[in-house]
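For the record, the sequence lines run as chains A and B.
Following the UniProt record's numbering, the numbering of the first sequence begins with 1 at its first residue and continues without gaps.
Following the UniProt record's numbering, the numbering of the second sequence begins with 1 at its first residue and continues without gaps.
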Amino acid sequence: MPESDSRGEAYEAEHVHAVYEQIAAHFSSTRYKPWPIVSSFLSTLPAGSIGLDVGCGNGKYLALNPSIYTLASDRSTNLAKIAASHQPHSAIVADNLALPHPLKTFDFAISIAVVHHLSTVERRREAVGEILAMLREGGRALVYVWALEQKGSRRGWDKGGEQDVMVPWVMKGPKQEKPAKRRGKGERTFQRYYHLYRKGELEEDVVAAGGTVVESGYEKDNWWAIATPREAEVSTA
Amino acid sequence: MKLLTLNFLTCARKACKSTTLAFPLRPKDAELEIVEADLEPLFIRNILPRVEWEALRTLCQDLGLPQLPPAAPEPAALFAPNPSDPSIPSDKLVRPGKEGEGEGEGEGEGEEGAPTQTLKDLHHVLLETTIREGKLVCGNCGHAYAVKEGIANFLLPSHLV
Ligand SMILES: [Zn+2]
Numbered sequence: 001m002p003e004s005d006s007r008g009e010a011y012e013a014e015h016v017h018a019v020y021e022q023i024a025a026h027f028s029s030t031r032y033k034p035w036p037i038v039s040s041f042l043s044t045l046p047a048g049s050i051g052l053d054v055g056c057g058n059g060k061y062l063a064l065n066p067s068i069y070t071l072a073s074d075r076s077t078n079l080a081k082i083a084a085s086h087q088p089h090s091a092i093v094a095d096n097l098a099l100p101h102p103l104k105t106f107d108f109a110i111s112i113a114v115v116h117h118l119s120t121v122e123r124r125r126e127a128v129g130e131i132l133a134m135l136r137e138g139g140r141a142l143v144y145v146w147a148l149e150q151k152g153s154r155r156g157w158d159k160g161g162e163q164d165v166m167v168p169w170v171m172k173g174p175k176q177e178k179p180a181k182r183r184g185k186g187e188r189t190f191q192r193y194y195h196l197y198r199k200g201e202l203e204e205d206v207v208a209a210g211g212t213v214v215e216s217g218y219e220k221d222n223w224w225a226i227a228t229p230r231e232a233e234v235s236t237a
Numbered sequence: 001m002k003l004l005t006l007n008f009l010t011c012a013r014k015a016c017k018s019t020t021l022a023f024p025l026r027p028k029d030a031e032l033e034i035v036e037a038d039l040e041p042l043f044i045r046n047i048l049p050r051v052e053w054e055a056l057r058t059l060c061q062d063l064g065l066p067q068l069p070p071a072a073p074e075p076a077a078l079f080a081p082n083p084s085d086p087s088i089p090s091d092k093l094v095r096p097g098k099e100g101e102g103e104g105e106g107e108g109e110g111e112e113g114a115p116t117q118t119l120k121d122l123h124h125v126l127l128e129t130t131i132r133e134g135k136l137v138c139g140n141c142g143h144a145y146a147v148k149e150g151i152a153n154f155l156l157p158s159h160l161v
């Protein structure tokens, strides 16, 4: 594992973005079950709410509430194309660190299993800050990341362990597509970079990014936080 | 990419995001495509207050679409009067149908009359009129973002980040 100063944009291009671009279709076919916290966050939004899904993947959360409008974005063109099929929503290709939206505009945002792919603490906080900057006053963002504390999972990570890890994605052997090229090769394995959050770390990142934690918790191998932009310090003079 | 999307987009560059020049991004060499979408009258009504009308007018002009009125339609212009209104002769009634069922959204929901042509036109402009190919240009820095197969790409070349 490289030291954190060799991580950053180029590192993520290789160990996150290139991987998702290649596994998009297969990844998408395995992603259909929404996390309960995400479902309840989205389903309680009032009709007519407008918001962002930053790092939307295949857009599986877009179908949850058709009376809101979500502008979804992903770094992967192949995933954004899949996400774009959900009406009445939209999907574009964008980087979490340079979101192409007007500031202080949106009622809500979700960032589900995204920020943990950024490879330095500065970049993770910048990502959260960028999302918060798009929210209107009182707007809320749900941020959801993988936890270090996953005693119950087959991966066996837990408190005190290494937080920066590579996680394999195994793509099963050839089906119908490109049979000549892939036949006999069996499975392909891709390695994705993850930063596993320890307890309390997500809340620290929210505060460092200029947010206030409204609510936070743990849900099956993940930490989550609902954050709102900190009100601008009003001069009392 | 539907035109509604452009209402929520600006230049991705930090220096541009806070300027008014960057919004809306201006389409260039745009190839339009009409993609039919189910009419959801309540969605249109709810989203309308969030649409920057002036910007939408500019876009329609840029794209050679029919000109929009100077001001956004009032909510009352979106639905024909309620059929229970005794001032309307019963043979002129149009059953409002049950669009938007499952919204579960408090009082008055489902009381609207039939969607007017104004509402249908808005639906057509915002949700069914899409940019399939072309560029979106920032009025502040001049950077052009590509739209390919209906997907706009806002990744910046590293020297612009
Ligand atoms: Zn610009």
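In this text, a Cβ means the ideal position worked out from N, Cα and C, and glycines have one as well.
Item	Value
Within the continuous beta strand (DSSP E) that includes R136/A, where are the two ends?	L135 to W146
So, helix, strand or coil for T212/A, using DSSP?	strand
Looking at T10/B: is its Cβ nearer than 9 Å to the Cβ of P102/A?	yes
Should H159/B go down as buried or exposed, given a rule of 16 or more other Cβ atoms within 10 Å for buried?	exposed
Going along chain A in order, which residues have a C-beta closer than 9 Å to the C-beta of N153/B?	T77, A80, I92, V93 and A94
Which chain B residues sit within Cβ distance under 8 Å of A18/A?	Result: empty, since nearest Cβ-Cβ is about 13 Å, beyond 8 Å.
Should the segment 33-42 of chain B be called in touch with the segment 18-37 of chain A, which here means at least 3 C-beta pairs below 8 Å?	no
Using a Cβ-Cβ cut-off of 6 Å (strictly less than) and excluding sequence neighbours within five positions of T19/B, which residues of its own chain qualify?	N140
Determine, for P34/A, whether the minimum Cβ-Cβ distance to residues of chain B falls below 9 Å.	no
Closest to K199/A by C-alpha separation, out of L118/A, W223/A and A208/A, would be which residue?	W223/A
Measure the C-alpha to C-alpha separation of T116/B and L63/B and round it to an integer number of angstroms.	24 Å
Compute the minimum distance between the beta carbon of A98/A and the heavy atoms of ligand 1, and state whether it is under 8 Å.	no
Cβ of H101/A versus every heavy atom of ligand 1: is any distance shorter than 8 Å?	no
Measuring only between beta-carbons, confirm whether V161/B sits less than 9 Å from chain A.	yes
If you draw a straight line from the alpha carbon of Q27/A to that of P168/A, how long is it in whole angstroms?	Before going further, note that residue 27/A is Phe rather than Gln in the sequence given. Cα-Cα distance, rounded: 12 Å.
Regarding G142/B and ligand 1, is the C-beta to nearest heavy atom distance less than 8 Å?	yes
Identify whether W157/A lies in helix, strand or coil by the three-state DSSP scheme.	coil
Name the residues in the segment 60-72 of chain A whose C-beta lies less than 9 Å from a C-beta of chain B; which are they?	P66, S67, I68, Y69 and L71
Which chain A residues are close to L156/B, counting only those with a beta carbon under 8 Å from its beta carbon?	D95 and A98
Is DSSP giving E74/B helix, strand or coil here?	coil
Measuring alpha carbon to alpha carbon, tell me which of P66/A, A63/A, L71/A and G59/A ends up nearest L79/A.	G59/A
Counting along the chain, where does the alpha helix (DSSP H) carrying F27/A start and finish?	A18 to T30
Ligand 1 and R154/A: does the residue's C-beta get closer than 8 Å to at least one heavy atom of that ligand?	no
In chain A, which residues lie less than 9 Å from R57/B when you measure between Cβ atoms?	The premise fails here: R57/B is roughly 17 Å from chain A at the closest Cβ pair, so nothing lies under 9 Å.
In whole angstroms, what is the alpha-carbon distance linking L3/B and R154/A?	46 Å
Check each residue of the segment 109-124 of chain B: if its Cβ is closer than 8 Å to any Cβ of chain A, include it; give the result in chain order.	none
Mind listing the chain A neighbours of F23/B? Cutoff is C-beta to C-beta under 7 Å, in chain order.	P102
Go ahead and label S40/A buried or exposed: buried means 16 or more other beta carbons lie within 10 angstroms of its beta carbon, across all protein chains shown.	exposed
So does A80/B have its beta carbon nearer than 8 Å to some heavy atom of ligand 1?	no
I think Y193/A touches M166/A, with their Cβ atoms under 8 Å apart; what is that distance to the nearest whole Å?	6 Å
Is the beta carbon of C56/A within less than 8 Å of some heavy atom of ligand 1?	no
Return the CA-CA distance between E54/B and H195/A, expressed in angstroms with no decimal places.	44 Å
Among residues of its own chain, excluding the 5 on either side of R140/A, which ones have a beta-carbon nearer than 6 Å to its beta-carbon?	F108, I226 and T228
Does the segment 20-31 of chain B come into contact with the segment 42-50 of chain B, if we say contact requires no fewer than three beta-carbon pairs (one atom in each stretch) closer than 8 Å?	no
Can you tell me which of C60/B, A71/B and L155/B puts its alpha carbon nearest to the alpha carbon of L97/A?	L155/B
Indicate, with yes or no, if ligand 1 has a heavy atom lying under 8 Å from the CB of A72/A.	no
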